[in-house]
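Engineer: In this note's numbering, the protein residues as written are 196 to 474.
1) Mapping the DSSP letters down to three states, classify residue 245 as helix, strand or coil.
2) Give the DSSP bridge partners of residue 238, in chain order.
3) Return the CA-CA distance between residue 357 and residue 295, expressed in angstroms with no decimal places.
4) Residue 409 and residue 460 look like a contact to me (Cβ under 8 Å); what is the Cβ gap, rounded to whole Å?
5) Strictly by DSSP, which residues pair up with residue 230?
6) What three-state label does DSSP hand residue 326 in the structure shown?
7) How big is the Cα-Cα spacing for residue 240 and residue 218?
8) Spatial neighbours of residue 429 within its chain, please: CB distance less than 6 Å, with the 5 preceding and 5 following residues excluded, ordered by chain position.
9) Can you list, in chain order, the stretches of the alpha helix (DSSP H) that have 4 or more residues and sit fully within the region 274-322?
10) Mind checking which residues open and close the beta strand (DSSP E) that includes residue 440?
11) At what residues does the alpha helix (DSSP H) containing residue 252 begin and finish?
12) Out of 359, 220, 375 and 198, which has the shortest C-alpha to C-alpha gap to residue 442?
13) Taking contact to mean 3 or more Cβ pairs, one atom from each stretch, closer than 8 Å, check whether the region 202-220 and the region 253-271 are in contact.
14) Please return the same chain residues whose Cβ sits closer than 8 Å to the Cβ of residue 302, not counting the five positions on each side in sequence.
15) According to the neighbour-count rule (16 or more other Cβ atoms, all chains shown, within 10 Å of its Cβ), is residue 415 buried or exposed?
16) Measure the C-alpha to C-alpha separation of residue 476 and residue 214 and round it to an integer number of angstroms.
17) Would you call the region 264-278 and the region 331-341 in contact, with 3 or more CB pairs under 8 Å?
Here it is as structure tokens:
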């Protein structure tokens, strides 16, 4: 039997996931306001999730929610995340049957900044930014609306089309070298989401990051070496001080998914730059 997935807010990540699932025998429908440019293998469904009206979404086995705020302020986040979740719930209720699995892609930003301490899925959220508080509210709202919700919290997604750090290193922008960072390649995040959909009993919360939290200065130095440019200057207020930022323990995810294609930033950025990305 062919499984059907609805990709709610089908941008870059949702599209990559849909293409992967189609290769594995799924049927994928991309739900977005303007679905004209989706690849042919993903069925388009035009719908503004923030204002669905009386439109009913087609029945599906699973829904994956990958939203992107249409601005950087709190109002934009509330409009996109809280509004779209309510609209999605309304459009699904109008359909024939409820999906068996709903997955929300959130962010590790809900955990706060940290001071180099290790955080796990058991660590209580402590968002510092107002937009991160909206993301936490979105997690809580989604859990109310969709029983059995699975939340995936990635950090620092990079990959095709996501080359901001490469661009900053190339320009020589100053960076906080002692800031602890966590990241995951987009293709590995797709693997995490695929595993959640195909597992009979996935964890209800996963941190999606690679195997090596790293100082931003170390990552920048590696990229600079690949580009053949100087390492960007350090903008840290105190050189060599205690690391800032959190260390994400994603051992639960790694036990669940297995080996990543890009286990550290080295493999990921090596592949990204060898492909000519951000050349």
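Beta carbons are placed, not taken as given, at the ideal position from N, Cα and C, and that holds for glycine.
Bear in mind that the values here come from a model prediction, so they are computed numbers and not experimental data.
Structural biologist: Once the coordinates are examined:
1) Reduced to three states, the DSSP call for residue 245 is coil.
2) Answer is 224, bridged to residue 238.
3) Whole-angstrom Cα-Cα distance: 32 Å.
4) With a Cβ gap of about 6 Å, residue 409 and residue 460 count as contacting.
5) For residue 230, DSSP assigns no beta-bridge partner whatsoever.
6) Collapsing the DSSP output to three states places residue 326 in a helix.
7) The straight-line gap from Cα to Cα measures roughly 20 Å.
8) Closer than 6 Å at Cβ, skipping near neighbours: 372.
9) Complete alpha helix (DSSP H) runs here, min 4: 278-288.
10) Residues 440-443.
11) Element bounds for residue 252: n/a, residue is neither H nor E.
12) Minimum Cα distance to residue 442 is reached at 375.
13) Contact between the region 202-220 and the region 253-271 is present, because at least three Cβ pairs lie under 8 Å.
14) Result list for residue 302: 327, 330, 348, 349 and 350, in chain order.
15) Classification for residue 415: buried.
16) A question about residue 476 goes unanswered here, because the residues of the chain that appear run from 196 up to 474.
17) The region 264-278 vs the region 331-341: in contact.
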